[in-house]
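Enquirer: Just so you know, the sequences run in chain order A and B. Under our numbering, residue 221 is the last one in the first sequence; the count climbs by one each step, no gaps. Under our numbering, residue 1318 is the last one in the second sequence; the count climbs by one each step, no gaps. Pasting in a structure now, in structure tokens, and then I'll have a few things to ask.
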Amino acid sequence: MGHWHSQFTKAIKKQPYIPLKSLDPRVNRLPAATNSLPKAPLDQFGTFEVFVQAREGKPFQHEGAVHAPNVEMAYVLAKETFTRRFTCVSIYVADTRNVHVSPLTEGMTNAYDNIKEVPSDGNSVSYEIYHLFKRGKQHQHAGTVKASNANEALWLAKGQLKPEKQVFNIWAIRTNDIRFTQPEDLGLWQTLPEKKFRDAAAYKGGDKLKSFLEKQKNNNP
Amino acid sequence: MKPDEVTGEDPQKLAAFEARIDRGEKIEPTDWMPKLYRKQVIRMIEQHAHSEIIGALPEGTWITRAPGFKRKMALMAKVQDEVGHGQLLYSAAETLGKSREQMIDDLINGKSKYSNVFNYPTFTWADCCFISWLVDAGAIVNQLANAKGSYGPYCRALDRICAEESFHLKYGHHCVIYLASGTQKQREMFQEAINRWWPPMMHFFGPSDKISVHTEILMKWKVKMDTNDNMRNQFLDMYVPKIWELGFSIPDPKLKKDPQTGRWQYTEPNWEEFKRVINGDGPCNKERLEVRRIAEERGRWVREALRAPKMEYVTPLA
Chain A
1 MGHWHSQFTK AIKKQPYIPL KSLDPRVNRL PAATNSLPKA PLDQFGTFEV
51 FVQAREGKPF QHEGAVHAPN VEMAYVLAKE TFTRRFTCVS IYVADTRNVH
101 VSPLTEGMTN AYDNIKEVPS DGNSVSYEIY HLFKRGKQHQ HAGTVKASNA
151 NEALWLAKGQ LKPEKQVFNI WAIRTNDIRF TQPEDLGLWQ TLPEKKFRDA
201 AAYKGGDKLK SFLEKQKNNN P
Chain B
1001 MKPDEVTGED PQKLAAFEAR IDRGEKIEPT DWMPKLYRKQ VIRMIEQHAH
1051 SEIIGALPEG TWITRAPGFK RKMALMAKVQ DEVGHGQLLY SAAETLGKSR
1101 EQMIDDLING KSKYSNVFNY PTFTWADCCF ISWLVDAGAI VNQLANAKGS
1151 YGPYCRALDR ICAEESFHLK YGHHCVIYLA SGTQKQREMF QEAINRWWPP
1201 MMHFFGPSDK ISVHTEILMK WKVKMDTNDN MRNQFLDMYV PKIWELGFSI
1251 PDPKLKKDPQ TGRWQYTEPN WEEFKRVING DGPCNKERLE VRRIAEERGR
1301 WVREALRAPK MEYVTPLA
């Protein structure tokens, strides 16, 4: 015998399951795709790392990655993906290929223990340095150094930025490779506080539920 | 006894890996890990990502028909969240070396699975409310457990996701309270939605786990955080009283909580139907994948126009 649940739903008007005319307007209104497979291989965009500053004075923190065909679109997608509701002061993105990564350490080994002196090999530019303080957490911005290459930047960070706390991993990104929030971008978050419909707090059903339950009780004492 | 999949692994590295998990530390993408761990974590995160993307479809079709401006805005925000969760999860799975393109290909080709519950249709607004409240509630039970797992990037994605799910749950409950305290017709609509959705909801957490060496090792590695039956029980414990409170019935005469054990008893779900639908023979399987194919096909010219020769796909860092 069919579906066990059918015996309990006899009283209810039976809904046809199969065949089913689509309920999706995208399927109903538009012609079907004709030639979708196999799709072109390597139809992929680049990868960008996203950093968010939650409040003024707080360090930027790594939040995750987005894929985009260029840095401007990466910036917009980062805003959509990571700052839909928690207000932030600023975000920035950098191409993943431009992030210089030290080996991840464990136990009592400080990531700076593995950083050896590197001589300068030309003109210095600024690099942003990030620290990971706990495995499983996310990298935080530590400061800026002037160096001629990324390895030298890590070496200089060892002298200038190494904190008391143990560091498990260090990243360095050339400042010029970062797409920062510009003053004209600040409007992106201006209307966020008005978008109450995104917050759980906007859906208080308690009073309505209470009066409904009381009415039920009075109707069936 | 170790399952066969682990026999080829370096015993010292395996011991260090397991010790790290026992200490409660997270595994990060560059850490050594057994092949079985990598394979299972990719599979799990990928299925979760697909479920977010496909799961947005049955509700998405109701945006234009949601009752009133406020409900439209809320539903639009919720659907946007689901798609955003898919983005976070794909990135987390990518850190283990499977490209996003490969995952999307596997979804479209029917090789990868997604949550079976989304292969059922949303005939009415009440069906949509059932998903927003109760399917999301089930997902939260699952996600809160998995957020305590061992893979760092997945846990971080889940922390973000769970924070947003609290809006979905409150919104869904709000919708249902309005239907429950509305007209007779509205109440009937939601009762019919429960009757339609209860069997897929019971399927949602999957069949009882076979107590195999495989399951045991995945729980030891904190890939799987609890048994399917425990999660189903937790869901029933939290939500059956809330459904009954609103004066609705659940189409299972055996459903009751055993006061001795604290466990819920229920009619065994029809696992044959579950298997059949997972393998493609459900009311909406074809349609769900067709929508993805259409998006892939129609969006291709946009992606081609945007592609820049200097850009290159690389694995995300963390």
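All C-beta atoms, glycine included, are put in the ideal place defined by N, C-alpha and C. Values in this document were obtained by computation on a predicted structure and should not be read as measured data.
Figure out for me which residue from 117(A), 53(A), 55(A) and 62(A) has the closest Cα to the Cα of residue 136(A).
Expert: 62(A)
Enquirer: Alpha helix (DSSP H) containing residue 211(A): first to last residue?
Expert: 206-219
Enquirer: Would you list the one or two residues that DSSP bridges to residue 66(A)?
Expert: 48(A)
Enquirer: Taking 8 angstroms as the cut-off, decide whether the C-beta atoms of residue 1114(B) and residue 1041(B) are in contact.
Expert: no
Enquirer: If you follow the alpha helix (DSSP H) that residue 1171(B) is part of, which residue opens it and which one closes it?
Expert: 1152-1180
Enquirer: Would you identify the three-state DSSP class for residue 128(A), choosing helix, strand or coil?
Expert: strand
Enquirer: Could you check whether the Cβ of residue 1001(B) sits closer than 8 angstroms to any Cβ belonging to chain A?
Expert: At residue 1001(B) the pLDDT is 47, less than 50, meaning the model places this residue with poor confidence and gives no usable figure here.
Enquirer: Which residues in chain A sit within 8 angstroms of residue 1099(B), going by Cβ to Cβ distance?
Expert: 44
Enquirer: My guess is that residue 129(A) and residue 161(A) are in contact by the Cβ rule of under 8 angstroms, so how many angstroms apart are they, rounded?
Expert: 6 angstroms
Enquirer: Given a cut-off of 8 angstroms, decide if residue 1062(B) and residue 1128(B) are closer than it, judged by their beta-carbon atoms.
Expert: yes
Enquirer: Determine contact between the region 147-155 of chain A and the region 118-129 of chain A, defined as no fewer than three beta-carbon pairs at a distance below 8 angstroms.
Expert: Segments in contact, yes.
Enquirer: When we look at the beta-carbon of residue 1033(B) and count the other beta-carbons within 10 Å, is it buried (16 or more) or exposed?
Expert: buried
Enquirer: In chain order, what residues of the region 197-209 of chain A put their CB closer than 7 angstroms to some CB of chain B?
Expert: 197, 198, 199, 200, 203, 205, 208 and 209
Enquirer: Skipping 5 residues on each side, what residues in its chain have a beta carbon closer than 6 angstroms to that of residue 71(A)?
Expert: 179
Enquirer: Take residue 132(A) and list the residues in its own chain whose beta-carbon comes closer than 6 angstroms to its own, dropping the five residues that flank it on each side.
Expert: 139, 168 and 169
Enquirer: By Cβ distance below 6 angstroms, which residues in the same chain neighbour residue 4(A) in space, the five residues on each side in sequence not counted?
Expert: Annotation note: pLDDT 41 at residue 4(A) (below 50); position unreliable, coordinate value reported separately. None.
Enquirer: Counting only the same chain and skipping the five closest in sequence on each side, list residues whose C-beta sits under 8 angstroms from that of residue 1285(B).
Expert: 1119 and 1277
Enquirer: Could you please give me the residues that DSSP links to residue 61(A) through a beta bridge?
Expert: Paired residues: 52(A) and 140(A).
Enquirer: Go to residue 153(A), then tell me how far its alpha helix (DSSP H) extends in each direction, as first and last residue.
Expert: 150-160
Enquirer: So which of 1021(B), 1010(B) and 1012(B) has the shortest CA-CA distance to residue 1217(B)?
Expert: With distances taken between Cα atoms, residue 1217(B) lies closest to 1021(B).
Enquirer: Comparing the C-beta of residue 1048(B) with each C-beta of chain A, is any distance below 8 angstroms?
Expert: No, its Cβ sits nowhere closer than 8 angstroms to a Cβ of chain A.
Enquirer: How far does the alpha helix (DSSP H) with residue 950(B) in it extend, from its first residue to its last?
Expert: No answer is possible for residue 950(B): it lies beyond the span of chain B, which begins at 1001 and ends at 1318.
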